[in-house]
Amino acid sequence: MDAGNGTIANTLAGKKCFGYTEQGPYDYDVAKAKSLMEESGHKDGAGIPEIQIVSPPHRKTGGEALQSMWNEIGLKSRVDVQEATTYLSEIKKGNFGTSIISQTVCLDVGGTIENFSDPSKGASMTRWYDQQVWDWLQQANASTENATRMEYFTKAFTAIHDAVPMIYLFYDTKIYVHRANLVLGSTYVDPPALRFFECYWLPEGQRAPESNA
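Right, dumping it as C-alpha cells:
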C-alpha cells in the first residue's frame, strides 16, 4: 500500500490509541512562524497564492480556525464548504488534486465506540451489543486518568476480542484495494470516507459486479 495507507489490521484498535500520548504539542508561536516565513522568502505571506480550505459542512469551524491562525502570519485563505459526496465523486473521476479537511492525528480509542454502542443511543455498526462492554466503554470515556482509562478499555476490548463481533481488514480508508471476487456489500458515506458493510467472497475466479457507490 502507498505510504503506509491500508496497513493490514491485527488489532481492534490502532497503535497508540489507548490513553493519552506523552508527546507534547507544538507551541503556538506566531513570532516564530513569521520568522520562518521570512526565512523561506515569503515575509508576511508574500508570493504565496490564496489557499483554498475545502471543508465538509460539519468541519467548517475547523477551516475557519485555520484561516484565523494563518491570517496572523499573512497567509490568505478562503473556506469552501463541500459535501462529502461531491468530494468522493471527484476522487472517483480521478481528480486526486482535491482534498478535504479531516483528522490527521491518531484517534483516541473512545472514537471507535460507535462500533459497539447501545442501539437505542446510536448506530451499532457491528450490530452487536453487550451491556457490560458498553458500561466499561462509558466509564473509560468519562475519565481523564490514564490508568483508569486503560483499566476499563482493556476490560472492554478483551471482551470484544473474545466475542469477535467484527474483524477489521485494513486500517485507514485513504487507499483501498481488494481482490476482484470480494463483493463490497452495502455502502454509506461517512464524511470524508465511504464505508462498506456486509462484504462477502465469491468463488475464486468470479468477479464482483461493479459498484456505483
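Numbering-wise, the sequence shown is residues 36 to 248 according to our numbering. Every residue, glycine too, gets a C-beta built ideally from N, C-alpha and C. A quick note: this is a predicted structure, and the numbers were derived from the prediction, not measured.
Query, Result
"Rounded separation between Arg214 and Arg162 - CA only", "26 Å"
"Which residues DSSP lists as bridging Trp236, in chain order", "Leu217"
"Ile83 and Leu110 closer than 9 Å at C-beta", "yes"
"Contact set for Val114: own chain, Cβ-Cβ below 7 Å, skip 5 residues either direction", "Ile88, Ser90, Lys95, Gly98, Glu99 and Gln102"
"Between the CA atoms of Pro238 and Asp153 - distance to the nearest angstrom", "36 Å"
"9 Å Cβ cutoff met for Val65 and Pro92", "no"
"Residue environment, Tyr235, which counts as buried when at least 16 other CB atoms sit within 10 Å", "exposed"
"Cα-Cα separation, Ala119 to Ile126", "11 Å"
"As assigned by DSSP and simplified to three states, the class of Lys209", "At Lys209 the pLDDT is 47, less than 50, meaning the model places this residue with poor confidence; the figure from the coordinates comes in the next sentence. Note: Lys209 maps to coil in three-state DSSP."
"Cβ pair Phe192, Trp169 closer than 9 Å", "no"
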